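Protein chains in written order, with my numbering: chain A, 1 to 432; chain B, 1001 to 1143.
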């Protein structure tokens, strides 16, 4: 199922030609309209109109979150405010908030991008879609909302929070597709159990999850507990919001809407391209955005590209699910550790979605990683010998997976905080 | 012949034991015997109670991790050598004790020993052959 079949299945050579045209136009427009880009291009003596291949983009400078903050609020807009019909902003939890704008055309494009993702995930105009992403300055709620309306589905704009009410409405309104973060989907499954609601009695068939990294193990648990088909989708407000990439029914990687976004995967240390298929940081250049184009935006999201063609017929390259953040990456005794690796080991052992917290400390000039794990029934024994053997086996499996030794501490069930949105599972106490 | 015991995971935090015993008291559950095994980080509380299912439910509702295991309760006279005789019998059979604890009944004449053995079935067999009194759950509760 496609939303824009001609565009989504365009032959690669044609696609690349289109990308080059659009890239030249975007670079030209930012050089004319945005002083920040103009000054940088001039410094490096870069002339967008003279570029002849896509690979020449590598000569252009990166844009970072800090650049967006430095130009708060409207410094990077490429159109006058008169032409901006929507403004979104990302939360300022890690510093000053960043602001992005959309022209009327941008909203149409954005809606189409999201409609593509919804179609890819199996949603049709006959579906009733419950959007449990926050509505407001966060792009998640409105992004999915406009896309779902564009597709012609029946939208329930419930927004996030109030889980019991979400479930009540899901029952009463016969919701068939759920949109939220993967961790919230599991929280819903927990609350359903508490409420005595059997997920099999619901009309729910599809789940579109995004906005935080998750694992294949988590997908399996969501599918089983909610009785749905869960797909992953990806986007970030700095680039557009949801709709940058999404999974088709194959569920083997997310197709990137390459006719609107040009992607690179770079080594986060050296900022040079990784070998095809290797993990690196995703860098995105928008190709059609009018109000807020970005050039080589460093997403900090780690992924790998999947160059092999997909059986679904889309010619867009796929990216692996986001494996973590280049800034979430923990360096423990010089070894790169991603929280998602720990999550999948715990899932294997517990057989259920693990609740855990990672504590990083420095003792006697040495890093120490402690994994706090809730002692759920499947890993609890009445015999101390068995309990300790279990802790040792978790330690061993984590050490072999991560390549570095860790401490494991069992804590009481439900004693670790649950999150509605993006989970902050790492507490780094190192003062370096 | 087997008695049901419940086990509760405890973090070493002050007041946890008090909380559990209050929950049980509030639900009219009587504790017949208990023991705590602990390490620096956590402990395992083992309880013999009169209403096993009810105890499990209310503790779970209060967020505790609860497991259920079978143990053997042996009644011996409360005098010198009572425990030693039982352990000699088990030793001869080559069975390991995983853990044990004991309490004295109301009259003070007999002691009740709660055992978790490595091989439960074999242990029962040997204890019965040795002439020891093995208590049922009903007998424990009525003590």
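For glycine and all other residues, C-beta sits at the position ideal for the given N, C-alpha and C. A quick note: this is a predicted structure, and the numbers were derived from the prediction, not measured.
Residues of chain A with a Cβ closer than 9 Å to the Cβ of residue 1007 (chain B) are, in chain order, 380, 381, 382 and 383. DSSP places residue 345 (chain A) in the uninterrupted alpha helix (DSSP H) bounded by 339-350.
Distance check between residue 398 (chain A) and each of A:32, A:239, A:222 and A:370 places A:370 closest, using alpha-carbon atoms only.
Distances from the alpha-carbon of residue 1069 (chain B) to those of B:1105, B:1118 and B:1108 put B:1118 closest. Using a CB distance cut-off of 7 Å, residue 357 (chain A) does not count as an interface residue toward chain B.
Pairing residue 268 (chain A) with residue 278 (chain A) gives a Cβ-Cβ distance that is not under 7 Å. As for any alpha helix (DSSP H) of minimum length 4 sitting wholly inside the region 1037-1105 of chain B, the runs are 1052-1061 and 1082-1092, ordered along the chain. Inside the region 37-72 of chain A, DSSP marks whole alpha helix (DSSP H) runs of 4 or more residues at positions 65-70, from first to last along the chain.
Around the beta carbon of residue 1090 (chain B), a 10 Å sphere encloses 16 or more other beta carbons of the protein chains shown; the residue is thus reported as buried.
Taking all protein chains in view, the Cβ of residue 362 (chain A) is surrounded by fewer than 16 other Cβ atoms within 10 Å, so the residue is classified as exposed. Note that the region 180-192 of chain A does not touch the region 95-113 of chain A; fewer than 3 beta-carbon pairs, one per stretch, sit closer than 8 Å. An exposed status is given to residue 270 (chain A), since fewer than 16 other beta-carbon atoms sit within 10 Å of its beta-carbon.
Assigned with DSSP and collapsed to three states, residue 1005 (chain B) falls in strand.
At a cut-off of 7 Å, the C-beta of residue 1033 (chain B) has no neighbouring C-beta in chain A. The beta-carbon distance between residue 1124 (chain B) and residue 384 (chain A), rounded to whole angstroms, is 23 Å. This is too long to meet the 8 Å contact definition. Residue 201 (chain A) sits in a helix when the DSSP states are folded into three classes. Contact annotation: residue 395 (chain A) and residue 408 (chain A) have beta-carbon atoms nearer than 7 Å. Per DSSP, the beta-bridge partners of residue 286 (chain A) are A:261.
For residue 409 (chain A), the secondary structure class from DSSP, reduced to helix, strand or coil, is strand. Closest option to residue 205 (chain A), judged by alpha-carbon separation, among A:227, A:212 and A:148: A:227.
Looking at the DSSP output, residue 1134 (chain B) sits in a beta bridge with B:1074. Identification of residues in the region 1129-1140 of chain B having a C-beta nearer than 8 Å to some C-beta of chain A yields an empty set. For residue 224 (chain A), the enclosing alpha helix (DSSP H) starts and ends at 216-226. Just so you know, the alpha carbons of residue 11 (chain A) and residue 217 (chain A) end up roughly 34 Å apart. Under DSSP, residue 180 (chain A) shares a beta bridge with A:209. Contact check between the region 293-310 of chain A and the region 348-357 of chain A: fewer than three CB pairs, one atom from each, fall below 8 Å, which does not count as touching. By alpha-carbon distance to residue 1009 (chain B), the top candidate from B:1001, B:1019 and B:1002 is B:1019. Counting only runs that start and end inside the region 73-148 of chain A, the beta strand (DSSP E) elements of at least 3 residues fall at 84-90, 98-103 and 128-131. Here the alpha carbons of residue 390 (chain A) and residue 140 (chain A) stand approximately 40 Å from one another. Between residue 134 (chain A) and the set A:312, A:90, A:404 and A:338, the nearest pair of CA atoms involves A:90. Shortest Cα-Cα distance from residue 9 (chain A) to any of A:333, A:313, A:368 and A:324 involves A:313. Taking a beta-carbon distance threshold of 7 Å, residue 418 (chain A) does not count as an interface residue toward chain B.
DSSP, read as helix, strand or coil, puts residue 1112 (chain B) in strand. Boundaries of the alpha helix (DSSP H) harbouring residue 400 (chain A): 384-402, taken from the DSSP string. When C-beta atoms of the region 281-295 of chain A are compared with those of the region 75-82 of chain A, three or more pairs fall below 8 Å, so the two segments count as touching. Burial check for residue 195 (chain A): the Cβ neighbour count within 10 Å stays below 16, so the residue is exposed.
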